[in-house]
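Asks: Here numbering that gives the first Met the number 0 is used: the first residue of the sequence shown is 0, the next is one more, and so on.
Every residue, glycine too, gets a C-beta built ideally from N, C-alpha and C.
Quick one: structure below, then a few questions.
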Amino acid sequence: MASYRTFRPRAARVVTLTLAVVVLTLAGLLIAFMPGLNTGDRVGFALVALMIAAFCWRQGTVRARVDDNGVTVRNLVYTRRLEWAEIVSVRFGSGRPWVQLDLSDGDTLAVMGIQRADGQYAQAEARRLATLVAQHTETPRDD
């Protein structure tokens, strides 16, 4: 179903994955062609480049997967599974860099898979997520 497709950012994904490739390429060139580097320096350059690329990769793979039972939110640091009943509301007000879920336990959860940098696409995706939450949390009395 189209409404169940995965939420992913567009701009951040392209930028971070491109940056990872650039960092790895430049580090490889530095390691290969910079004169005067000893083995420790080369290993250091490689480790720093790999850490930057890993961070970029993780940022580029943030998402929110939805199914009949709930949402799995993969953010930069952690992944969390939520049942539909745990989500009280979806917020994407001005100034927020990404969608925020208000949860039934009083906590909030950022959904980095929907980012303001994506403009109108992000607005539409926030509405789609809010619609899914409303559909799955609707009660006969709507309370």
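What is the DSSP secondary structure of Leu102, reduced to helix, strand or coil?
Replies: The sequence position of residue 102 within the sequence shown is 103, counting from 1. Of the three classes helix, strand and coil, the one that applies to Leu102 here is strand, per DSSP.
Asks: Assign Trp56 to buried or exposed, taking buried as 16 or more other Cβ atoms, counted over all protein chains shown, within 10 Å of its Cβ.
Replies: Here residue 56 is taken as the residue at index 57 of the sequence shown, counted from 1. With fewer than 16 other Cβ atoms within 10 Å, it is exposed.
Asks: So, helix, strand or coil for Glu137, using DSSP?
Replies: For the purposes of this step, residue 137 is taken as the residue at position 138 of the sequence shown. The answer is coil: DSSP assigns Glu137 none of H, G, I, E or B.
Asks: Could you give the residue range of the alpha helix (DSSP H) that holds Gly39?
Replies: Locating residue 39 in the sequence shown gives position 40, where the first residue counts as 1. Start and end: 38-59.
Asks: State the DSSP-derived secondary structure class of Ser93, mapped to helix, strand or coil.
Replies: Locating residue 93 in the sequence shown gives position 94, counting from the first residue. Of the three classes helix, strand and coil, the one that applies to Ser93 here is coil, per DSSP.
Asks: Give me the Cα-Cα distance between Gly27 and Leu49, rounded to the nearest whole angstrom.
Replies: Position 28 of the sequence shown holds residue 27. Position 50 of the sequence shown holds residue 49. Approximately 11 Å between the Cα atoms of the pair.
Asks: Output needed for Gly35: all residues of its chain with C-beta closer than 7 Å, excluding positions within five of it in sequence on either side, in chain order.
Replies: For the purposes of this step, residue 35 is identified with residue 36 of the sequence shown, where counting begins at 1. Nothing listed; no residue qualifies.
Asks: Out of curiosity, what's the CA-to-CA distance linking Thr71 and Ala63?
Replies: As a first step, residue 71 must be located in the sequence shown, where it is residue number 72. As a first step, residue 63 must be located in the sequence shown, where it is residue number 64. For Thr71 and Ala63, the distance between alpha carbons rounds to 5 Å.
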